[in-house]
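Structure first, then comments.
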Amino acid sequence: MLFALALHPISSFAKDRIMIIGDSLSAGYGLKQAQAWVNLLQNKYDTQQKPIELINTAISGQTTDNALLKVDAWLKAHKPSHVLIELGGNDGIRGFPVKLLRKHLTQLVTKSQQAGAHVALMEIHIPPNLGPRYTQMFTQSYEKVANKTDAYLMPYFMLPIAVNPALMQDDNLHPNAKAQPLIRDFMEKEIATWLSSSKHNK
């Protein structure tokens, strides 16, 4: 085994370490972990022998202020090369002030960048329950934060899923097991674009 390892250049073991800071949508709420999109995508990377490691710190119910309390410890423990922030849905559903959302997202991005990571911010959309003005201001926050911090703005993986009841759990908020391979494929493509872009921006 040692002989086999010696035949490979060291660079072939270099990994893109992507830490996902997310909520129930990335934590696999209501599913077995093996069914969740993050696990499915890691399996695909492993099968293809791609040097990409997904580190999933997503927690169901997590808000941006919850994540801020933990992000320093996560960054120190995992030393990611990339951080994907999939957060804000719980803030929006609870009607948290948009200014606070922007502040917290900015801090999450900045802390990750200061730790040396490239950052992608997923543009979260929320149900229209709180009215069109709040909903629009909420979604626009992501582009504003991305522009301000020079983070990569990534499209929301739930947009093609949420419109199809057959892909949603009974609560109509969380994707079901059938949706997970679709999210995996969506994210594989989006992450590839982001990784390519981050390598050009070194």
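Numbering follows the UniProt record's numbering, in which position 180 of the sequence shown is assigned residue number 180; successive positions increment by one, without gaps.
Every residue gets a Cβ at the ideal spot worked out from N, C-alpha and C, and that includes glycine.
- Taking a contact as a CB-CB distance under 8 Å, the pair Asn39 and Gln48 does not count as one, their CB atoms being some 15 Å apart.
- Counting only runs of 4 or more residues that sit fully inside the segment 5-69, the alpha helix (DSSP H) segments are 24-27 and 37-47, in chain order.
- Here Asn56 is buried. Its C-beta has 16 or more other C-beta atoms within 10 Å.
- DSSP places Leu101 outside any beta strand (DSSP E); the residue lies instead in the alpha helix (DSSP H), whose first and last residues are Val98 to Gln114.
- Per DSSP, the unbroken beta strand (DSSP E) holding Tyr152 starts and ends at Tyr152 to Met154.
- In the structure shown, the three-state DSSP call for Ile191 is helix.
- About 29 Å separates the Cβ atoms of Val109 and Val163, ruling out a contact at the 8 Å cut-off.
- Straight-line measurement puts the Cα of Ile183 at about 17 Å from the Cα of Glu53.
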